[in-house]
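Residue numbers (this note's numbering): 517 to 580. The C-beta atom is built at its ideal place from N, Cα and C for all residues, glycine as well. A short write-up of the structure that comes next.
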């Protein structure tokens, strides 16, 4: 689970990263960085989200 920040390793530099809610709506956007990308997830309500990149999609739990 993530609380305030989500750390993403292995994202392609420049690749769009999308955090989607259960209805498929985009909640946050970020751009992949070389090495580690950090996404601020302090805004969205606690719940289960999907992190989608060009290559893959993985579930993310935001818990506080």
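> What is the residue span of the beta strand (DSSP E) that residue 521 lies within?
Replying inline: 521-525
By DSSP, does residue 560 sit in helix, in strand, or in coil?
It is coil, neither helix nor strand.
Open item on the list: Can you find the residues in the same chain that come closer than 8 angstroms, C-beta to C-beta, to residue 574, ignoring five residues on each side of it along the sequence?
Closed with: 566 and 567
Report task. Compare the beta carbon distance of residue 546 and residue 570 with 8 angstroms and say whether it is the shorter of the two. Result -> no
C-alpha distance - residue 559 paired with residue 572, whole-angstrom precision
23 angstroms
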